[in-house]
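*Asks:* Please read through the structure below; I'll follow up with questions.
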Amino acid sequence: MMRFTLPRDIYYGKGSMEQLKNIKGERAVLVLGGGSMKRFRFVDKALSYLKEAGIEVKLIEGIEPDPSVETVFKGAEVMKDFKPDWIIAMGGGSPIDAAKAMWVFYEHPEKTFDDIKDPFTIPELRSKAKFLAIPSTSGTATEVTAFSVITDYKTEIKYPLADFNITPDVAIVDSELAETMPAKLTAHTGMDALTHAIEAYVATLHSPFSDPLAVQAIEMINEFLIKSYEGDIDAREQMHYAQCLAGMAFSNALLGISHSMAHKTGAVFHIPHGCANAIYLPHVIKFNKKTCADRYAKIAKQLGLAGSNNDELVESLINLVKELNKKMSIPGTLKEYGIDEKEFNSKVDLISERALQDACTGSNPRQLNKDEMKKIFECAYYGREIDF
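Numbered according to the numbering used here, the sequence shown spans residues 46 to 433.
In structure tokens form, the structure reads like this:
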């Protein structure tokens with residue numbers, strides 16, 4: 046038996062944040078990141094709508110780009126004191142991911158981080174609060190997923206928490222928030238969304254429910270990402286929806302080793318998540334094609350790419366990803382990104398071992414061992430071709 050889970054309600058369209066004035070409750074915490082939502086007055090707008098709903102609000106601010114275990118527990122303590130019946134997170138993936146984890150420890154203060162870091166170990170939620178997410182970036186799709194990525198800085202490990210219990214109850218996908226993204230962030234988040242959709246389409250748990258969402262997202266990203274990167278407002282709106290569709294797909298079909306690798310190098314080398322995925326994706330497609338060339342070829346055909354057989358179609362898909370990276374000034378290799386060669390070589394065994402153990406590796410379509418993972422990292426560092 047398989048399962049397909051989404052938020053109960055998704056409100057979308059420009060100005061859809063107005064739905065906040067219709068929620069029912071007494072108290073809400075509003076979890077925020079670095080300050081852009083305040084600068085662009087979206088926080089003021091949210092507070093105004095919540096006031097209209099008769100809801101008392103407390104802010105939890107300053108969530109770092111890669112939210113830490115410590116930040117999660119601090120936020121949970123605030124929630125325990127304030128006793129909200131709504132947890133609302135607004136901003137990029139970081140505040141939403143952090144708020145999901147805070148929610149767990151607010152409802153289950155007896156739990157430790159070790160208790161929930163393995164997939165599908167989070168206990169039942171919603172006895173104290175419901176969860177509402179409002180994304181401001183077009184990439185992570187955490188507003189519709191069963192995932193939250195939390196970093197343990199002491200061990201330099203990113204943990205992708207995975208459990209349907211942390212799927213938000215409500216998502217508000219208002220593209221006005223995404224209009225403020227700088228070009229570089231648009232590039233990174235857009236390639237994260239593309240990686241989500243492609244990995245979901247070939248992941249071991251892909252299904253007739255997830256496939257259409259993944260393909261639609263890929264088509265939209267191919268059409269709108271570069272225009273969005275160049276500042277086209279209509280394209281920004283379409284990308285905001287595309288990344289949400291990709292999120293619905295991967296939340297249920299799961300992901301693959303592009304994400305495993307990005308999680309582990311993000312924590313050690315501090316590469317932005319979407320940038321890391323963009324670098325790894327062409328290499329991972331090449332590695333995985335031995336197992337699922339037909340699936341990649343279907344994507345290429347759907348996009349109208351050149352090729353008379355599976356090998357040619359997969360190569361066209363790889364070249365498309367590389368071309369998108371090039372057009373948006375995303376480095377082609379880890380070395381080009383700026384990671385010191387000596388540091389990379391000193392840590393490649395560590396990150397290979399950790400990536401192999403990452404929750405996303407189990408759903409990758411081609412199984413692999415540590416040596417193969419290391420070779421993929423080395424190809425991504427030096428720009429070598431995958432030939433194994």
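All C-beta atoms in this analysis are idealised placements derived from N, C-alpha and C, irrespective of residue type, glycine included.
All values derive from a computational prediction rather than experimental measurement.
Give me whichever residues DSSP pairs with residue 101 in a beta bridge.
*Replies:* Answer by DSSP bridge pairing, in chain order: 72.
*Asks:* Thinking C-beta only, is residue 216 closer than 8 Å to residue 112?
*Replies:* no
*Asks:* Starting from residue 332, trace the alpha helix (DSSP H) in both directions and tell me its first and last residue.
*Replies:* 318 to 347
*Asks:* Determine, using beta carbons only, whether residue 362 and residue 384 come nearer to each other than 8 Å.
*Replies:* no
*Asks:* For a quick check, are the C-beta atoms of residue 242 and residue 262 less than 8 Å apart?
*Replies:* yes
*Asks:* Have a look at residue 317 and residue 124 and give me their C-alpha separation to the nearest angstrom.
*Replies:* 29 Å
*Asks:* Using CA coordinates, which residue listed in 140, 188, 283 and 205 is at the minimum distance from residue 17?
*Replies:* Given a span of 46 to 433 for the chain in the structure shown, any question on residue 17 remains unanswerable.
*Asks:* My output table needs one value for residue 192: the three-state DSSP class, helix, strand or coil.
*Replies:* strand
*Asks:* Under the rule that 16 or more other beta-carbon atoms within 10 Å means buried, what is residue 409, buried or exposed?
*Replies:* buried
*Asks:* Please state if the CB of residue 77 and the CB of residue 180 are separated by a distance shorter than 8 Å.
*Replies:* no
*Asks:* Classify residue 308: buried if its beta carbon has 16 or more other beta carbons within 10 angstroms, exposed otherwise.
*Replies:* Buried.
*Asks:* Counting C-beta neighbours from all protein chains within 10 Å, is the total for residue 335 16 or more, i.e. buried, or is it exposed?
*Replies:* exposed
*Asks:* What does a CB cutoff of less than 7 Å around residue 142 pick up in its chain, not counting 5 residues either side in sequence?
*Replies:* 112, 187, 193, 194 and 195
*Asks:* Put residue 211 into one of helix, strand or coil per three-state DSSP.
*Replies:* helix
*Asks:* Which word fits residue 420, buried or exposed, when buried means at least 16 other C-beta atoms lie within 10 angstroms of its C-beta?
*Replies:* Per the 10 Å Cβ criterion, buried.
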